[in-house]
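All the letters of the sequence shown, read from the start, carry residue numbers -1 to 305 under our numbering.
C-beta atoms are modelled at their ideal positions from N, C-alpha and C, and glycine is treated no differently.
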Amino acid sequence: MASRSPPRIAIVFGTRPEAIKLAPVVRAARAFADWRVDVWSTGQHRGLVDGIARELELSADVSLQTMRKGQGLAALSARLLSELDPVLTRREPTWLIVQGDTTTAMIAALAGFYRGTKVAHVEAGLRTGDRLAPFPEEVNRQLVGRLADLHLAPTPRAAAALVAEGVATAAIEVTGNTVVDALRWIVGRLPADGAPPPGGGLERFAAANGRRLVLVTGHRRESFAGGLAAICDGLAVLAERWPEVDFVYPVHLNPAVQEAVHGRLGGRDNVHLLAPVGYSAAIWLLRRAAFVITDSGGIQEEAPELG
């Protein structure tokens, strides 16, 4: 009997959360000497991803340039599909691994389906039941769920959601959340003395200053229609009420987020509006924080792991 050919794995990411959560998958896959493992970057969040990828030692074998200024979801989806298809033809993976609920994940799964490539979905089965919240992520992950051949669910609840949608139990594996693996990997590389990672400019927030720190993030698309402004107004009230607390807010590069946050919170002594920080710096701030205010699903997963 002829031996089976070793698998050819393509792992696709385009956003910061995908890079973080897929880095442990890439390391695990590359531990198999006979596997051919390709890493493809779509460039969906190029400005945010490149530094994170370097921190996580995640190098791309294929790098696409799919983002354009002012590009909407439809244009991004069309560009992703047209650019991923020839890569699939050229590289011929037997499995395509996607993560989560991004436009990159959804379109990569669709491109793989069109080419007859098997699709594995990391973080499968998360559901809110509301197609518009989160938007467009809820529909993205449901579509990936219809296209995937293997569903890697982070929790038994996520696995149960897939079964309820008609996915065969044989196609589901409960794996835990890979963000925990990425988090532990980064924590193991932070300075042992509790100092912030070098080069991030975070020394002023070290515990030695005696001030409590509240970490703030807010960037989700569904918050744009007034929600983000209300969050900022609430933060302004909190900052005025507790001047002895530092509110540290790394602000997303999205122009709508920048305008709302800087317009409402700029100029306050104890509100520190930072440029986006790297993953090591973000985890250091999260460990240092006494309290977290966030709309980030990733931070909500990371914070409990840090206690």
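Nearest residue (CA-CA) to residue i, options the options
i    : options                : result
G199 : I9, E135, S278, V10    : S278
A27  : V177, A8, G216         : A8
A169 : V178, A157, Y247       : A157
Q298 : G192, V161, A205, V214 : V214
P195 : L283, A227, V269       : L283
E121 : F133, Y112, V178, K67  : V178
N268 : G224, T92, Y247        : Y247
E257 : G224, D244, D59, A237  : G224
Residue i (DSSP reduced to helix, strand or coil)
i     : result
Q97   : strand
W183  : helix
H260  : helix
R34   : strand
V249  : coil
F133  : coil
L304  : coil
M(-1) : With a pLDDT of 43 at M(-1), under the threshold of 50, the predicted position of this residue should be treated as unreliable, and no value is reported.
N244  : A quick correction: the sequence has Asp, not Asn, at residue 244. Residue state, collapsed to three classes: strand.
Distance between residue j and residue i (C-alpha atoms, nearest Å)
i    : j    : result
V35  : G114 : 18 angstroms
R285 : I105 : 35 angstroms
N175 : G296 : 10 angstroms
G127 : R44  : 30 angstroms
A51  : L130 : 30 angstroms
E90  : A72  : 26 angstroms
A254 : T167 : 42 angstroms
G265 : T87  : 53 angstroms
D32  : L148 : 21 angstroms
R218 : R6   : 35 angstroms
Contact set for residue i: own chain, Cβ-Cβ below 6 angstroms, skip 5 residues either direction
i    : result
V10  : W38, V96, A106
N138 : D99, M104
Beta-carbon contacts of residue i that lie in its chain and below 7 angstroms, excluding the five residues immediately before and after
i    : result
T64  : T40, G41, Q42, L74, R77, L78, E81
V142 : V96, A103, M104, A107, H119
T13  : Q42, H43, V47, T100, T102
D231 : R262
Those runs of the beta strand (DSSP E) which lie wholly inside the segment 38 to 107 and span at least 3 residues: Runs of the beta strand (DSSP E) inside the segment 38 to 107: 93 to 97.
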